[in-house]
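Order-wise, the sequence lines are chains A and B.
Counted the way my numbering counts, the first sequence spans residues 6 to 119.
Counted the way my numbering counts, the second sequence spans residues 273 to 380.
Glycine is no exception: its CB is placed at the ideal position from the N, C-alpha and C atoms.
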Amino acid sequence: ETGVTQSPTHLIKTRGQQVTLRCSSQSGHNTVSWYQQALGQGPQFIFQYYREEENGRGNFPPRFSGLQFPNYSSELNVNALELDDSALYLCASSLSGRALNEQFFGPGTRLTVL
Amino acid sequence: KNEVEQSPQNLTAQEGEFITINCSYSVGISALHWLQQHPGGGIVSLFMLSSGKKKHGRLIATINIQEKHSSLHITASHPRDSAVYICAVRRGAQKLVFGQGTRLTINP
C-alpha cells in the first residue's frame with residue numbers, strides 16, 4: 006500500500022470542458038509529480054510541485070496547470086479539453102525533489118474526452 | 273529515437289521460465305527505476321538503481337552505467353508476474369523519462 010490516492014478514478018468529459026484531478030501524497034512526502042499516460046505508451050512528465058511551487062515542467066501547454074496545498078496534496082487542472090487529452094493521469098509523491106528519492110505512484114485517474 | 277528503449281515490447285513465457293527485460297538509454301542519468309503496472313493502471317516501484325545490482329525476492333535488477341543499459345530478471349516466473357514492466361530514468365531532480373514498457377504474459 007503506497008498511501009498515494011487519486012480522485013476520481015474515472016471521468017468522462019466533452020471537448021472544450023475543464024477538469025480537475027486530485028492527488029493526496031503519501032504521509033510525510035512534500036513533492037508531487039504528475040504524468041500523462043496515453044494508451045499503450047509510457048507515462049510522460051507533466052510537472053512537479055515541491056513545497057507548493059512548480060519545480061519543473063515537461064512539454065505540455067499552459068492549459069495544463071497545477072496546485073500544491075500546504076498539506077502537500079495536489080491538483081491537476083486541464084482547460085479547453087481536447088480529444089488527445091484522453092489518458093491515464095498518474096501522480097507520484099516523494100520526500101523531496103532530490104534525484105535519488107523514490108517516487109510512489111497513485112492508482113491513476115482515467116480521463117476520457119468525447 | 274526515444275531516450276529510453278525497452279526490449280522486447282511483448283514477451284510471453286511459460287510458468288517457471290527465467291525472464292529478462294532490457295532497457296537502454298541514451299542520456300546521462302542520476303538513477304534508473306523499474307516499475308510494474310497492472311491492468312487498471314496502478315504503478316508499483318520495484319527498484320531504484322544508480323549502480324550495480326539489487327535483488328528482491330524473485331526479482332533482480334542490474335545496471336551498467338558505462339554501457340547505459342539495465343536489465344530486469346524474474347526467476348521462477350509465475351502467472352501473477354503478468355504485467356507491464358516499465359523502465360524509467362531520472363534526469364536531474366525533477367523529471368522521470370519512461371520507456372514504452374514491456375508487456376509480460378506468463379502462462380500456467
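- Per the C-alpha coordinates, the member of A:94, A:101 and A:86 positioned closest to residue 22 (chain A) is A:86.
- In chain order, 306, 326 and 333 place their CB closer than 6 Å to the CB of residue 319 (chain B), counting only its own chain and leaving out the 5 sequence neighbours on each side.
- Secondary structure of residue 88 (chain A) (DSSP, three-state): helix.
- When C-beta atoms of the region 273 to 293 of chain B are compared with those of the region 108 to 117 of chain A, fewer than three pairs fall below 8 Å, so the two segments do not count as touching.
- Nearest in C-alpha terms to residue 302 (chain B), of all of B:308, B:338, B:279 and B:329, is B:338.
- Contact note: residue 115 (chain A) reaches chain B through 313, using a C-beta cutoff of 8 Å and chain order.
- Not one beta carbon of chain B lies nearer than 9 Å to the beta carbon of residue 31 (chain A).
- When DSSP assignments are scanned along the region 41 to 71 of chain A, the uninterrupted stretches of beta strand (DSSP E) that are 3 or more residues long and fall wholly within it turn out to be 49 to 55 and 58 to 62.
- Linking residue 328 (chain B) to residue 84 (chain A) through their CA atoms gives a straight-line distance of about 42 Å.
- Rounded to whole angstroms, the Cβ separation of residue 304 (chain B) and residue 335 (chain B) is 6 Å, and the two are in contact under 8 Å.
- Contact annotation: residue 18 (chain A) and residue 119 (chain A) have beta-carbon atoms nearer than 9 Å.
- Residue 95 (chain A) belongs to the set of residues whose beta carbon lies under 9 Å from a beta carbon in chain B.
- Rounded to whole angstroms, the gap between the alpha carbons of residue 375 (chain B) and residue 107 (chain A) is 23 Å.
- Annotation: Cβ neighbours of residue 112 (chain A) in chain B (cutoff 9 Å, chain order): 312, 313, 314 and 315.
- Assigned with DSSP and collapsed to three states, residue 362 (chain B) falls in strand.
- Taking 9 Å as the CB threshold, residue 276 (chain B) lines the interface with chain A.
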